[in-house]
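J.:
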Amino acid sequence: MPIDAETLIDWFDRTGRDLPWRRPECTGWGVLVSEIMLQQTPVARVQPIWEEWLARWPVPSALAAASQGEVLRAWGKLGYPRRALRLHAAASAIAAEHGDIVPSDVDTLLALPGIGAYTARAVATFAYGKRTPVVDTNVRRVVARAVHGAGDAGPASNTRDMADVEVMLPAAEARAARFSAALMELGALVCTARSPKCADCPLYEACAWQRAGRPAYAGPAKPVQRFAGTDRQIRGKLLDVLRGTPEPVWKDRLDVVWPEDAGRRDRCLASLLTDGLVEQIPDGRFALPGEHR
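Position 192 of the sequence shown, counted from 1, bears residue number 192 in full-length UniProt numbering, the numbering being contiguous throughout.
#1: Label E35 either buried or exposed according to how many other C-beta atoms from any shown protein chain fall within 10 Å of its C-beta, with 16 as the threshold for buried.
#2: Would a C-beta distance cut-off of 8 Å place P19 and A182 closer than the cut-off?
#3: Along the alpha helix (DSSP H) that carries E35, what are the first and last residues, could you check?
#4: To the nearest angstrom, how far is it from the Cα of L63 to the Cα of A55?
#5: Rounded to whole angstroms, what is the Cα-Cα separation between P58 and P202?
#6: What span of residues does the alpha helix (DSSP H) with E173 cover, start to end?
#7: Can you give the Cα-Cα distance for A150 and V167, rounded to whole angstroms?
#8: Let's see if you can read the secondary structure: which residues bound the alpha helix (DSSP H) around S61?
#9: Can the beta-carbon of G69 be found closer than 8 Å to that of L288?
#10: Give, in chain order, every unbroken run of the alpha helix (DSSP H) that is at least 4 residues long and sits entirely within the region 91-132.
#11: Under DSSP, the alpha helix (DSSP H) around M168 begins and ends at which residues?
#12: Skipping 5 residues on each side, what residues in its chain have a beta carbon closer than 7 Å to that of residue 294?
#13: I'd like the span of the alpha helix (DSSP H) that includes W11, first residue to last.
#14: Are the CB atoms of D105 and A124 nearer to each other than 8 Å?
#15: To the nearest whole angstrom, what separates the beta carbons of L238 and V257, a pair I think is in contact under 8 Å?
#16: Can you tell me the Cα-Cα spacing of S61 and V147, whole angstroms?
#17: Take V142 as the anchor and find which of I49, K197, R243, I115 has the nearest alpha-carbon.
#18: Check this for me: beta carbons of I234 and R285, under 8 Å apart or not?
#19: Three-state secondary structure (DSSP) at V46?
#20: Quick check on Q280: does DSSP put it in helix, strand or coil?
#21: Going by other Cβ atoms of all chains shown within 10 Å of its Cβ, with 16 needed for buried, is S157 buried or exposed?
#22: Rounded to the nearest angstrom, how far is the Cβ of R121 from that of T132, given a contact under 8 Å?
#23: Answer with yes or no whether the minimum CB distance from E173 to chain C is below 8 Å.
#24: For L186, which residues from the same chain have a beta carbon less than 6 Å from its beta carbon, with the 5 sequence-adjacent residues on both sides left out?
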């Protein structure tokens with residue numbers, strides 16, 4: 001049974017979080033920044049950084065005028081810092097090619113550097129009220145449970161997942177966009193992966209998973225993401241050194257962040273150079289990109 005859109009939207013109207021990027025006055029640029037920041041990062045960590053960014057860079061051209069190093073410093077501890085560089089590149093294209101206004105069309109958004117299928121659809125939907133399926137992990141889980149009676153969604157299938165959501169979208173664009181936001185909110189707050197709050201769910205009576213007795217998920221195991229001891233942690237420590245000083249540093253300042261495995265640390269530094277997150281200036285010191293050329 002498809003999810004009843006009106007029931008879900010009514011619930012969202014009553015209980016949805018008042019997030020700044022959901023407010024009517026938020027521009028397409030504000031929504032784009034939020035969507036990039038929210039990838040694999042919780043709302044509580046994103047909101048203060050988002051507010052700082054929008055105060056500092058209220059339009060794409062303002063961010064485009066900043067150096068990559070400035071952007072990486074402002075990104076702080078949000079993680080996955082390549083997102084900051086992708087956002088900087090997108091801002092440059094929006095300023096140069098679109099009159100400093102974030103496009104509203106999915107295909108035009110997809111043509112921007114660093115903007116993928118999910119982000120393009122999310123911006124078109126949440127900034128401009130377009131009717132297009134927006135599918136993230138939370139949405140996939142709600143659909144798997146409420147519609148298919150499964151404990152979780154299993155491996156992603158873009159074609160299937162998009163089709164599942166497409167058939168449930170209300171015909172009117174504004175209602176479809178509201179439904180998409182509500183579906184995502186339900187997965188984030190109520191239909192969670194580990195401890196779903198079924199008693200609080202507006203879809204409880206019609207939920208196929210609930211009706212089936214909430215069977216355990218029996219599909220392929222999902223890889224568990226860890227951070228401690230990974231290359232991500234080492235890369236983060238190296239970047240922390242550079243963000244913590246206004247001047248370039250010699251390599252010995254970087255060597256101390258992971259002395260137990262010099263070869264691995266040096267490989268991580270090399271990967272940061274390859275990704276454009278760090279640069280080596282002519283005298284041999286290391287710096288954030290664009291600050292000391």
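The beta carbon of each residue, even a glycine, is placed where N, CA and C say it ideally should be.
Note that the coordinates shown come from a computational prediction; the quantities given were computed from them, not determined experimentally.
T.: Well, looking at it:
#1: buried
#2: The sequence shown places Leu at residue 19, not Pro. No.
#3: 28-37
#4: 11 Å
#5: 37 Å
#6: 173-189
#7: 19 Å
#8: 60-65
#9: yes
#10: 106-110, 117-128
#11: Segment: none, M168 is in no alpha helix (DSSP H) and carries neither H nor E.
#12: Outside the modelled stretch of the chain, which goes from 1 to 293, sits residue 294, for which no answer is possible.
#13: 5-15
#14: yes
#15: 6 Å
#16: 43 Å
#17: K197
#18: no
#19: helix
#20: strand
#21: exposed
#22: 5 Å
#23: Absent from the structure is chain C; it holds one protein chain and no more.
#24: V142
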